[in-house]
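S.K.:
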Amino acid sequence: MCDINANRIIQRVEDLRVELQDTIRNIVKKEGYKDHDIKVIKLKTNGDNYLGSLYEIDIKGVVEDEKKETNIFAKVILNPDITTTVSLENLYLIELFVYNELSKIFHDVQEEAKVPITERYNIARSYQQKNNNMIVLENLSRKGFKVYNRLDVMSLKFAELCIQQLARFHGLSFVIEKKMPEFFNKRIRILEHPIVYNDELTKLVKQNSVYTINLFEGDEKMRIEKFASSVLQKMKKYNLDRNCICCMTHGDFRISNIMVREKEGEAVEVVPVDYQLLDCGCPVRDFLYFIFTGTDQKFRRQHMNHLKDLYYETMTKFLNYFDMKAEDVFPRKEFEKMYRERLDYGLLPLMMGAPFLFGDDDNDVENTAFTDLAFEPGPLFEERVRGVIDDFIEWGYL
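Quick note, my numbering runs 86 ahead of the 1-based positions in the sequence shown.
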């Protein structure tokens, strides 16, 4: 370590984990570099990433007498002991499956169907490698992409772009199920929700729901306490239910897991990342999770129904390129039914995930046990939570 600049820490290659050093050497060799320099920057994640150490790696040199630069992003597994609610090793295997196998399938089926570039599902290029403890991708920040602050309310344009990508992602699952049924059944349908329902999760839900409960008094507090007592049951019900239309779902589709490129201050392109919680289940969960973790009450009242319509309209148009009808694989009537029946799924993240969603930007969470995460509820948390609780009381779910 030789320099610190805000959230970027310059490191020497030889100080990296051996596996990451080997990966860098392999990329240098594969890309054909003769002479080269390597710059490594470790990123401080400001409470946005709990499952990996993040690095930017810039390789500059000469390939076939021409100057070349390769910009890499790497995520390296943390101490697996920080939680027993998930297996970190399995989460990395899931994400490697997405980038090493599914990304190629996504490209091939969209290419074959001649889906216009601007209407395709966007996924980062992977530097495919066999190490199960890291993810190595192109560094999208070098192409003008960034991540919005998870504490901000998203803009409508950003939300629209994200919902369109989500609809295409779910749509690709239906396409693969139809065109590659054996692969789908053996590799996608078997993907179960990775959360482990154990004593640690029970403790986590109990201690985190208190942050919400303590904001209220009287009848409202009693309603929230009653709901809190059923959070684990509802999580199991919604995440493990296969008695509905199921497809490949992202599992952690929220503002801090989506790269965005702007033009003149407005979002024009988004690329979802972080597929570690991928499973096969109810697609409505991704939509609700995205909405309730990144919006306030005013935004939902103005735009939630529009975004719901946009989701289905986008999927309909996307599937048309594959000579498929959305009504055949995910009927609008069934979509609306699933939405109504599972709407309170949107309340679960606030009841169990306050430190993850609203933790301080200055928190250094690497290698911190989930149950030990520090959290001080502030005005923003209170405003967002009160808006969500007010919505669910009005809608009759509390």
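Every residue gets a Cβ at the ideal spot worked out from N, C-alpha and C, and that includes glycine.
1. Are the CB atoms of P166 and H256 within a distance shorter than 8 Å?
2. Pick helix, strand or coil for K128, following the three-state DSSP scheme.
3. To the nearest angstrom, report how far apart K115 and D121 are at their CA atoms.
4. Round the Cβ separation of L301 and V474 to the nearest angstrom and send it over; I've been treating them as touching at under 8 Å.
5. Nearest to K130 by alpha carbon, out of F467, L140, E468?
6. Less than 7 Å between C-beta atoms, sequence neighbours within five positions excluded: which residues of the same chain meet that for F339?
7. Straight-line CA distance for C366 to V149?
8. Go through its chain and collect everything with a Cβ distance to D89's Cβ below 8 Å, but skip five positions before and after it.
9. Helix, strand or coil: how does DSSP classify D101 here?
10. With DSSP collapsed to three states, give me the class of K272.
11. Start and end of the beta strand (DSSP E) containing C332?
12. Output needed for L242: all residues of its chain with C-beta closer than 7 Å, excluding positions within five of it in sequence on either side, in chain order.
13. State the Cα-Cα distance for the pair N112 and Y178, rounded to the nearest angstrom.
14. Nearest to K322 by CA position, among C248, K349, G304, E278, is which residue?
15. Could you spell out where the beta strand (DSSP E) holding P441 opens and where it closes?
16. Can you give me the C-alpha to C-alpha distance between N91 and K154, rounded to a whole angstrom?
17. Please report how far the alpha carbon of I299 lies from the alpha carbon of A314, in whole angstroms.
18. Along the alpha helix (DSSP H) that carries N157, what are the first and last residues, could you check?
19. Under 6 Å Cβ to Cβ from E117, same chain only, skipping five residues before and after it: list those, please.
20. Locate the beta strand (DSSP E) running through F231, then write down its first and last residues.
21. So L177 is in the beta strand (DSSP E); what residue range does that whole segment cover?
22. Tell me the rounded alpha-carbon separation between D430 and L102.
23. Any idea what DSSP makes of A210, helix, strand or coil?
24. Return helix, strand or coil for G138, following the three-state DSSP convention.
25. Does the beta carbon of F467 sit closer than 8 Å to a beta carbon anywhere in chain B?
26. Give me the DSSP bridge partner(s) of K146.
M.R.: Put simply:
1. The residue you call residue 256 lines up with position 170 of the sequence shown. The residue you call residue 166 lines up with position 80 of the sequence shown. No.
2. As a position in the sequence shown, residue 128 is number 42, starting the count at 1. Reduced to three states, the DSSP call for K128 is strand.
3. On the sequence shown, residue 115 is found 29 positions in, with the first residue counted as 1. On the sequence shown, residue 121 is found 35 positions in, with the first residue counted as 1. Cα to Cα, the separation comes out at about 11 Å.
4. Working through the sequence shown from its first residue, we reach residue 301 at position 215. Working through the sequence shown from its first residue, we reach residue 474 at position 388. The Cβ separation is near 11 Å, so there is no contact.
5. Residue numbering aside, residue 130 sits at position 44 when the sequence shown is read from its first letter. It is L140 whose Cα lies nearest to the Cα of K130.
6. Taking the sequence shown and counting its residues from 1, the one referred to as residue 339 is at position 253. Cβ within range, chain order: L252, P358, D372, Y375, F376.
7. One-based indexing of the sequence shown puts residue 366 at position 280. One-based indexing of the sequence shown puts residue 149 at position 63. So the two alpha carbons sit approximately 43 Å from each other.
8. Numbered from 1 along the sequence shown, position 3 holds the residue referred to as residue 89. Because D89 carries a pLDDT of 35, less than 50, the predicted location of this residue cannot be relied on, and the following value inherits that uncertainty. I95, I96.
9. For the purposes of this step, residue 101 is taken as the residue at position 15 of the sequence shown. If DSSP states are grouped into helix, strand and coil, D101 belongs with the helices.
10. Stepping through the sequence shown from its first residue, residue 272 is reached at position 186. In this structure, K272 counts as helix in the three-state DSSP scheme.
11. As a position in the sequence shown, residue 332 is number 246, starting the count at 1. Element bounds for C332: n/a, residue is neither H nor E.
12. Taking the sequence shown and counting its residues from 1, the one referred to as residue 242 is at position 156. Same-chain partners within the cutoff: H389.
13. Residue 112 sits at position 26 when you count from the first residue of the sequence shown. Residue 178 sits at position 92 when you count from the first residue of the sequence shown. Their backbone Cα atoms lie some 20 Å apart in a straight line.
14. Taking the sequence shown and counting its residues from 1, the one referred to as residue 322 is at position 236. Of C248, K349, G304, E278, the residue nearest in Cα terms is E278.
15. As a first step, residue 441 must be located in the sequence shown, where it is residue number 355. From DSSP, P441 is part of no beta strand (DSSP E) but of the alpha helix (DSSP H) over 440-444.
16. Position 5 of the sequence shown, counted from the start, is the residue given in the question as residue 91. Position 68 of the sequence shown, counted from the start, is the residue given in the question as residue 154. Only weak support is given to the placement of N91: the predicted model assigns it a pLDDT of 41, under 50, and the value that follows is read from those uncertain coordinates. Answer to the nearest angstrom: the Cα atoms are 26 Å apart.
17. Counted from its first residue, the sequence shown places residue 299 at position 213. Counted from its first residue, the sequence shown places residue 314 at position 228. I299 and A314: Cα-Cα distance of roughly 8 Å.
18. Walking along the sequence shown from the start, residue 157 turns up at place 71. That residue, N157, is in no alpha helix (DSSP H); its beta strand (DSSP E) goes 152-163.
19. Here residue 117 corresponds to residue number 31 of the sequence shown, with the count starting at 1. Once the five neighbours on either side are set aside, the close Cβ partners of E117 are T156.
20. As a working note, residue 231 is residue 145 in the sequence shown. 231-233 is the extent of the beta strand (DSSP E) around F231.
21. Reading the sequence shown from its first residue, position 91 is the one you call residue 177. From DSSP, L177 is part of no beta strand (DSSP E) but of the alpha helix (DSSP H) over 174-183.
22. Taking the first residue of the sequence shown as 1, we reach residue 430 at position 344. Taking the first residue of the sequence shown as 1, we reach residue 102 at position 16. About 44 Å.
23. Within the sequence shown, numbered from 1, the residue matching residue 210 stands at position 124. Residue state, collapsed to three classes: coil.
24. Along the sequence shown, read from residue 1 onward, the residue named residue 138 stands at position 52. Note: G138 maps to strand in three-state DSSP.
25. The displayed structure is made up of one protein chain only, and chain B is not part of it.
26. Counted from its first residue, the sequence shown places residue 146 at position 60. Looking at the DSSP assignment, K146 forms a beta bridge with D123, E155.
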